[in-house]
Amino acid sequence: MSREKQQGRREFLKTSAAAAAVTIAPGVMLHTLSADAAPRTEPVTDKVRWGMLIDANKCADGCTECVAACDKENGLDLVDMPEGADPSLWERQRPRWIRQVKLKDNLSGRITNLPMMCQHCEEPPCVDVCPTGASFRRADGIVMVDRHICIGCRYCMMACPYKARSFIHAEVAEKLTHTPRGKGCVESCNFCVQRLDNGESTTACQEACKHQAIVFGDLNDPDSAVSQALKKYPSVQIRADLKLNTGVRYSNI
Amino acid sequence: MKKTHFSEWGIESPRYWGMLAVLGAIVAIAGGAVFYMEHNGHWVTGMTNQVVWGIPHVFAIFLIVAASGALNVASIGTAFDKKIYKPLGRLSALLAITLLAGGLAVLVLDLGQPGRLLIAMTHYNFKSIFAWNIYLYMGFMGIVAVYIWFMMDHRMKPYYKPVGVLAFLWRLILTTGTGSIFAFIVARQGYDAAILAPMFVIMSFAYGLAVYILVLMFAFKVDGRDIGYAIQRRLKNLLGVFAAAVFYFTLVYHLTNLYGTENHAYEAFILRDGGIYTLLFWAGWVFVGCLLPIGIVYHPSLGKTRGGLIAAATAVILGGFATMYVIVIGGQAFPMAMFPGKTIVASGFFDGVNGQPMLYSPTLAEFLLGIGGVALVLLLTFIGIRMLRFLPNSLSDEVADPHYTKS
Amino acid sequence: MTRKSVIMFLAASIAGLFISLVSAQAGEAVEGTAKADKLEQCVEPTPVMRRNHFEFIQHQRDLTVHEGIRGSKYSLAGCVDCHARKDAAGKAVPVNAEGQFCDGCHDYAAVSLKCFECHRTVPGEK
Ligand code: SF4
Ligand code: SF4
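Protein chains in written order, with the numbering used here: chain X, 1 to 253; chain W, 1001 to 1407; chain G, 2001 to 2126.
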């Protein structure tokens, strides 16, 4: 039921945003949707690199809107606990693409909140180790799993420094058309690739964040909201020491 | 030294078939466990999105590591021309193949999609050390098979040595490759160490030899064949040296880790407050796996006995499993350091809240799969020595020792 | 140990039974309720589709997953959308349910039908 509602809202956004862009701060556009949102017919290219800036200052304590939106968008809420499973064990086995993390600074005691997900590394360790090439990086910077050739070895999960990936531990009875999913494969955040390929330019998490903590867009376009914001505010990559050049950046951690 | 004669394993049929039946039953139970896990999905195991490799990988990696080590005895005979080891070569090569087969079977049967093995064979990512390992394993089996053939076939005598050398080099690369599976994982503190790959080579020497010793002693004992003191002493000394080398590498590994500040937390976890992992490290890896066998082997009286040798080899194997558990599971249980200088106080995905390690409690099915792999190794080995001439008729001092003089 | 494994076997088969019950839940499909039932032909003439549909969708699958091309002429989602029938209550019947469009043929030809281990079997949520 609520899925339909959400769908309706997206349709609404599509049409209304064609006329106006949402402004979050002077000079910073939240997102713009092109009027001619249509399925993509040309291959993606590296002219675009999708990325994100997350402002930990804006991310509110106790809020999990982005997580709920991701679950809904990608059908993760349809993954049911198998009959007879131990609930506490299942909690550690069920898939999660985005999660809320709360940090405390060891010296100052300052608390920060932030969402963590696949960082869409430019040099992704998960892709390097995958034996079959199922883990791959699309030309536009999105790292994802081709589940048709994933053998479920979980080596990518061993290699990911952000613990961004989930293995599907059980049969999934119901799935969405645009997010196929099955037992025995690995998956992770794909920047809502089905939205992007259909001409939209937001992710579910960004759209859901009432606090505007997430800015998503094209890192290669100097005028994009995310590039502008990155230029303006200091930001970091998590585990920058690994030199993975992540597509997801954070400020005010 | 007399010429060595080889013959098939001659134990009475009922006994032979009885052994096969028992091993076959264990393999069948493991098959049931695999069906159960694959049918339901991995939720019936203790593996989670935090600890993604579990007991099956502990067994599989132990067997694969031991496989390349088992070939050592043959290599010493061929590549290094030590005459006394030559009669031991055939069984050594056979074990190398069967151990590898057992380990790979466990590894493959734990995949989320074992039915897609064909994909793994046709889609390669040449950057992946895992994919390279698939080649290395296949090549290893092929080369060792040829090696066995050349050892057995007199017409092939002239080529026997080069193949032996090739097999030796291949096994070195292979174990380095297995070690690199971990060493390439920069994400996790415990694995990000260049020394892991050579450490795996040394471990393979020890584990492979220990398995070899036990199988050899058992096969000879039940078949009434003789092993003289000369052979026993050499195998025993070799085992002692390998166990000591593992101990040395363990020291270096942890000392270099302690040297780098960023690894202190991981070291504290393994060495001091990791609970089961600390226990397995000290009691299993260090004591049972290294100190105990060294003690037995160099004990003035114990070291000379058959029982002492068997005990030492058993200890090395048990210690080896503990070692693999600490490396494979312990390395994952330790929370990844994503935010230096900060503590994770809450997380929606078990990120090691307040530094807590990840939980892992293996289920029975996982153990059954691993044990099935071991049973498969023995099953294949026993069939092999029964069908073909792998075992020398005798390894008594009179036959084996080049310096033997009738007193 | 053996008793445990017996229990495991039982558990596994019960789970299997359960899953097959769940997937067979939808009511009888009514003939003529699929979109395809009202069309002259598929995206290609029927004989071509019969012989080559798997190649079409496999090619499309790679294009979609790796190059992001969507809404192409051939698509598995399209097959499902068009060929799923409805039951008397107007609820879509899975295309891989017994005797339905995909299953009927695959069952007859004894070719395993793997798509729906992961893909949705009834038209999308739109
Ligand atoms: S964050 Fe992890 S899963 Fe995402 S691209 Fe980087 S290594 Fe791969
Ligand atoms: S689990 Fe799948 S995606 Fe991950 S490394 Fe293995 S084959 Fe590649």
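Ideal Cβ placement from N, Cα and C applies to all residues, glycine included.
Review point. Under 8 angstroms Cβ-Cβ, which residues of chain W neighbour Ser166 of chain X?
Key: The contacting residues are Asn1049.
Practice item. Pull up the distance between the alpha-carbon of Gly2124 of chain G and that of Gln1050 of chain W, whole angstroms please. Key: Roughly 33 angstroms separates the two Cα atoms.
Check your understanding: Under the DSSP definition of a beta bridge, which residues are partnered with Asn113 of chain X?
Key -> Per DSSP, X:Lys102.
Practice item. Quick one: grab the DSSP three-state call for Val145 of chain X. Key: DSSP, reduced to helix, strand and coil, places Val145 of chain X within a strand of the structure shown.
Exercise for review: Would you please verify whether the beta carbon of Glu122 of chain X is less than 9 angstroms from any beta carbon of chain G?
Suggested key: No - not a single Cβ of chain G is within 9 angstroms of the one on Glu122 of chain X.
Review point. Taking Val1106 of chain W as the reference, which of W:Gly1384, W:Ile1371, W:Asp1223 and W:Leu1379 has the closest Cα?
Key: When each option's Cα is compared against that of Val1106 of chain W, the closest is W:Ile1371.
Review point. With a CB to CB cut of under 7 angstroms and the five nearest residues on each side skipped, what residues in its chain are close to Ala1397 of chain W?
Key: Checking the sequence shown, residue 1397 of chain W turns out to be Asp, not Ala. Counting only Cβ-Cβ distances below 7 angstroms, and skipping sequence neighbours, we find Gly1228, Tyr1229, Ala1230 and Tyr1404.
**Study point:** Own chain, CB closer than 8 angstroms to Arg1188 of chain W, minus 5 neighbours either side, in chain order
**Key:** Taking Arg1188 of chain W as the centre and dropping the five residues before and after it, the same chain places the C-beta of Gly1331, Gln1332, Phe1334 and Met1336 closer than 8 angstroms to its C-beta, in chain order.
Check your understanding: Can you list the alpha helix (DSSP H) stretches of 4 or more residues lying completely in the segment 147-219 of chain X, in chain order?
Key -> Runs found: 155-159, 193-197 and 204-208.
Exercise for review: For chain X, find out if any of its Cβ atoms is closer than 9 angstroms to the Cβ of Gly2068 of chain G; answer yes or no.
Suggested key: True, the Cβ-Cβ gap to chain X drops below 9 angstroms.
Check your understanding: Which two residues bound the contiguous beta strand (DSSP E) that contains Thr1343 of chain W?
Key -> For Thr1343 of chain W, the enclosing beta strand (DSSP E) stretches over residues Lys1342 to Ser1347.
Practice item. Examine ligand 1 and report whether any of its heavy atoms sits within less than 8 angstroms of the Cβ of Thr246 of chain X. Key: Indeed, a heavy atom of ligand 1 lies less than 8 angstroms from the Cβ.
Exercise for review: Taking 8 angstroms as the threshold, find out whether the segment 1081-1101 of chain W comes into contact with the segment 1380-1390 of chain W through three or more Cβ pairs.
Suggested key: Proximity of the segment 1081-1101 of chain W to the segment 1380-1390 of chain W meets the contact definition, three or more beta-carbon pairs being nearer than 8 angstroms.
Practice item. Indicate, with yes or no, if ligand 1 has a heavy atom lying under 8 angstroms from the CB of Pro1357 of chain W. Key: With a cut-off of 8 angstroms, the C-beta of Pro1357 of chain W is classified as distant from ligand 1, since no heavy atom of the ligand falls inside that distance.
Practice item. Using a threshold of 9 angstroms, state whether the C-beta atoms of Pro95 of chain X and Leu76 of chain X are closer than that. Key: At a Cβ-Cβ threshold of 9 angstroms, Pro95 of chain X and Leu76 of chain X count as neighbours.
Review point. Of all Cβ atoms in chain G, is any one closer than 9 angstroms to the Cβ of Lys183 of chain X?
Key: At least one beta carbon of chain G lies nearer than 9 angstroms to the beta carbon of Lys183 of chain X.
Check your understanding: What are the start and end residues of each continuous alpha helix (DSSP H) run of 4 or more residues lying completely inside the segment 1198-1268 of chain W, in chain order?
Key -> Counting whole runs of 4 or more residues, the segment 1198-1268 of chain W contains the alpha helix (DSSP H) stretches 1229-1259 and 1264-1268.
Exercise for review: Please go through the same chain and pick out, in chain order, the residues whose beta-carbon is closer than 6 angstroms to the beta-carbon of Ile111 of chain X, but skip the five residues on each side of it.
Suggested key: Residues of the same chain with a CB within less than 6 angstroms of the CB of Ile111 of chain X, apart from the 5 flanking positions on each side, are Lys104 in chain order.
Practice item. Report whether the distance from the Cβ of Ala1060 of chain W to the nearest heavy atom of ligand 2 is below 8 angstroms. Key: Taking 8 angstroms as the cut-off, the C-beta of Ala1060 of chain W does not count as close to any heavy atom of ligand 2.
Exercise for review: Under 8 angstroms Cβ to Cβ from Leu1136 of chain W, same chain only, skipping five residues before and after it: list those, please.
Suggested key: Within the same chain, Leu1136 of chain W has close Cβ partners Trp1170, Ile1173, Leu1174 and Gly1177.
Check your understanding: On the three-state DSSP scale, how would you describe Asp2087 of chain G?
Key -> Strand.
Review point. Near Leu2021 of chain G, which residues of its chain fall below 6 angstroms by C-beta distance, leaving aside the five closest residues on each side in sequence?
Key: Per-residue confidence for Leu2021 of chain G stands at a pLDDT of 43, beneath the threshold of 50, marking its modelled position as unreliable; no derived number is given.
Practice item. Check whether the segment 147-166 of chain X touches the segment 179-188 of chain X, taking contact to mean three or more Cβ pairs, one atom from each stretch, closer than 8 angstroms. Key: Yes, the segment 147-166 of chain X is in contact with the segment 179-188 of chain X.
Review point. My guess is that Ala1070 of chain W and Gly1208 of chain W are in contact by the Cβ rule of under 8 angstroms, so how many angstroms apart are they, rounded?
Key: Ala1070 of chain W to Gly1208 of chain W, Cβ: 4 angstroms. Contact.
Review point. Relative to the C-alpha of Leu1271 of chain W, which residue among W:Ile1327, W:Ser1007, W:Ile1294 and W:Gly1295 is closest?
Key: Per the Cα distances, W:Ile1327.
Review point. Does DSSP put Ala949 of chain W in a helix, a strand or coil?
Key: The structure shown has nothing for residue 949 of chain W, since chain W only spans 1001 to 1407.
**Study point:** Contacts around Asp197 of chain X, its chain only, beta-carbon distance under 7 angstroms, and the 5 residues preceding and following it disregarded
**Key:** These residues qualify, in order along the chain: Pro39 and Arg40.
Review point. In whole angstroms, what is the alpha-carbon distance linking Ala1400 of chain W and Phe1249 of chain W?
Key: Ala1400 of chain W and Phe1249 of chain W: Cα-Cα distance of roughly 33 angstroms.
Review point. Per DSSP, Arg137 of chain X forms a beta bridge with which residues?
Key: BP columns for Arg137 of chain X point to X:Val143.
Check your understanding: Count the other CB atoms within 10 Å of the CB of Val1374 of chain W; is the residue buried (16 or more) or exposed (fewer)?
Key -> Buried, since its Cβ has 16 or more Cβ neighbours within 10 Å.
Practice item. Would you grab the beta carbon distance between Pro1293 of chain W and Ala1243 of chain W for me? Rounded to a whole angstrom, and I think it's under 8 angstroms. Key: The pair is a contact, with the Cβ atoms about 4 angstroms apart (cut-off 8 angstroms).
Practice item. Using only the heavy atoms of ligand 1, determine whether one of them is closer than 8 angstroms to the beta carbon of Ala164 of chain X. Key: It does: the Cβ of Ala164 of chain X is within 8 angstroms (strictly closer) of some heavy atom of ligand 1.
**Study point:** DSSP-derived helix/strand/coil call for Met1121 of chain W
**Key:** DSSP places Met1121 of chain W in the helix class (H, G or I) of the three-state scheme.
Review point. Any Cβ of chain G within less than 9 angstroms of the Cβ of Gln194 of chain X?
Key: With 9 angstroms as the cut-off, Gln194 of chain X counts as an interface residue toward chain G.
Review point. For Pro1340 of chain W versus Thr1045 of chain W, is the C-beta distance shorter than 9 angstroms?
Key: Contact: no.
Check your understanding: Which residues does DSSP pair with Ala2092 of chain G in a beta bridge?
Key -> According to DSSP, which records beta bridges pairwise, Ala2092 of chain G is partnered with G:Lys2086.
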